[in-house]
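Have a look at the structure below, then the notes.
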Ligand code: FES
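In our numbering, the protein residues as written are 39 to 142.
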């Protein structure tokens, strides 16, 4: 059975927004796209920018540091097929956004 961990309250991430969260030593970015939550690795692979603090338009997040863009529903970089952020399975339980803990 996969283990799920609470990372946020649903009210912390209103529709159309994102938020950076920390789980242990991992930085994640959680986004709410029309009521559906998506979680990806929150560290931009370009130079370590905080993807959870970027501007979200539709399902595209723009890194606040230099503008790399990713589809938050897949983790896919918008221009470079070889770059994809890790994605985390998530679900909502009551008021809580939960992620499936990755195997270390
Ligand atoms: S650190 Fe994200 S675009 Fe440079």
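All residues carry an ideal CB built from backbone N, CA and C; glycine is no exception.
**Asked** For the ligand FES, any of its heavy atoms closer than 7 Å to the Cβ of residue 115?
**Response** One-based indexing of the chain shown puts residue 115 at position 77. For the ligand FES, not one heavy atom lies less than 7 Å from the Cβ of residue 115.
**Request:** Go ahead and pull the three-state DSSP assignment for residue 146.
**Result:** Residue numbering for the chain in the displayed model covers 39 to 142; residue 146 lies beyond these limits and cannot be assessed.
**Request:** Please indicate yes or no: does the CB of residue 90 lie closer than 7 Å to some heavy atom of the ligand FES?
**Result:** Sequence index remark: in the chain shown, residue 90 carries index 52 (1-based). No; taking the cut-off as 7 Å, the Cβ of residue 90 has no heavy atom of the ligand FES nearer than that.
**Message:** If the criterion is Cβ atoms closer than 8 Å, does the pair residue 57 and residue 90 meet it?
**Reply:** Your numbering for residue 57 matches position 19 in the chain shown. Your numbering for residue 90 matches position 52 in the chain shown. Contact annotation: residue 57 and residue 90 have beta-carbon atoms nearer than 8 Å.
**Asked** Just to confirm, are residue 101 and residue 84 a CB contact at a threshold of 8 Å?
**Response** Against the chain shown, residue 101 aligns to sequence position 63. Against the chain shown, residue 84 aligns to sequence position 46. Contact: yes.
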